[in-house]
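Let me begin by presenting the structure, written as C-alpha coordinates, before commenting on it.
Residue numbers (the numbering used here): -11 to 52.
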(Lines of atoms letter the chains of each structure in order from A and count residues from 1; the text may use other names and numbers.)
(Lines give C-alpha, C1' and ligand atoms only; values in the text may rest on other atoms or scores of the structure.)
Protein backbone atom coordinates (compact mmCIF):
# COMPACT_ATOMS: atom_id res chain seq x y z
CA UNK A 1 0.00 0.00 0.00
CA UNK A 2 1.26 3.46 -0.89
CA UNK A 3 0.71 4.91 2.59
CA UNK A 4 2.75 2.15 4.21
CA UNK A 5 5.55 2.71 1.69
CA UNK A 6 5.59 6.42 2.54
CA UNK A 7 5.63 5.70 6.26
CA UNK A 8 8.50 3.26 5.75
CA UNK A 9 10.45 5.93 3.86
CA UNK A 10 9.76 8.51 6.57
CA UNK A 11 10.81 6.00 9.22
CA UNK A 12 14.26 5.68 7.69
CA UNK A 13 15.19 9.17 8.85
CA UNK A 14 12.49 9.87 11.45
CA UNK A 15 10.52 12.35 9.34
CA UNK A 16 7.10 13.30 10.72
CA UNK A 17 4.31 12.80 8.16
CA UNK A 18 1.60 15.47 7.68
CA UNK A 19 -1.65 14.81 5.85
CA UNK A 20 -5.23 16.01 5.62
CA UNK A 21 -8.29 13.78 5.58
CA UNK A 22 -12.05 14.04 5.46
CA UNK A 23 -13.92 13.01 8.58
CA UNK A 24 -15.03 9.86 6.75
CA UNK A 25 -11.40 8.90 6.11
CA UNK A 26 -10.18 9.36 9.68
CA UNK A 27 -10.62 5.73 10.85
CA UNK A 28 -8.31 4.57 8.04
CA UNK A 29 -5.50 6.90 9.11
CA UNK A 30 -6.02 6.18 12.83
CA UNK A 31 -5.01 2.58 12.09
CA UNK A 32 -1.59 3.93 11.09
CA UNK A 33 -1.19 5.99 14.26
CA UNK A 34 -2.40 9.35 12.92
CA UNK A 35 -3.14 12.06 15.47
CA UNK A 36 -5.35 15.10 14.86
CA UNK A 37 -3.59 18.42 15.29
CA UNK A 38 -6.24 20.75 13.84
CA UNK A 39 -9.29 20.98 11.58
CA UNK A 40 -9.85 23.02 8.44
CA UNK A 41 -13.37 24.19 7.60
CA UNK A 42 -14.29 25.45 4.15
CA UNK A 43 -17.48 26.45 2.35
CA UNK A 44 -18.78 28.23 5.43
CA UNK A 45 -18.27 25.18 7.63
CA UNK A 46 -19.97 22.73 5.23
CA UNK A 47 -16.73 20.90 4.53
CA UNK A 48 -14.41 19.84 7.35
CA UNK A 49 -11.01 18.18 7.03
CA UNK A 50 -8.67 16.99 9.76
CA UNK A 51 -4.99 17.95 9.82
CA UNK A 52 -3.07 14.87 10.93
CA UNK A 53 0.46 13.88 11.82
CA UNK A 54 2.01 10.44 11.99
CA UNK A 55 5.30 9.86 13.81
CA UNK A 56 6.71 6.77 12.07
CA UNK A 57 8.95 4.44 13.99
CA UNK A 58 12.56 5.10 13.08
CA UNK A 59 14.13 2.18 11.23
CA UNK A 60 17.73 1.12 11.26
CA UNK A 61 19.75 0.55 8.08
CA UNK A 62 18.42 -3.01 7.76
CA UNK A 63 14.80 -1.78 7.71
CA UNK A 64 13.66 -2.94 11.14
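Glycine included, each C-beta is placed from N, C-alpha and C at the ideal position.
This one's a predicted model, so the numbers in the text were calculated from it and none came from an experiment.
- Residue 21 holds the alpha-carbon nearest to the alpha-carbon of residue -9 among 27, 39, 33, 21.
- At a Cβ-Cβ threshold of 7 Å, residue 39 and residue 11 do not count as neighbours.
- In this structure, residue 6 lies near residue 41, with their beta-carbon atoms less than 7 Å apart.
- Counted as a single uninterrupted DSSP element, the beta strand (DSSP E) harbouring residue 9 occupies residues 5 to 10.
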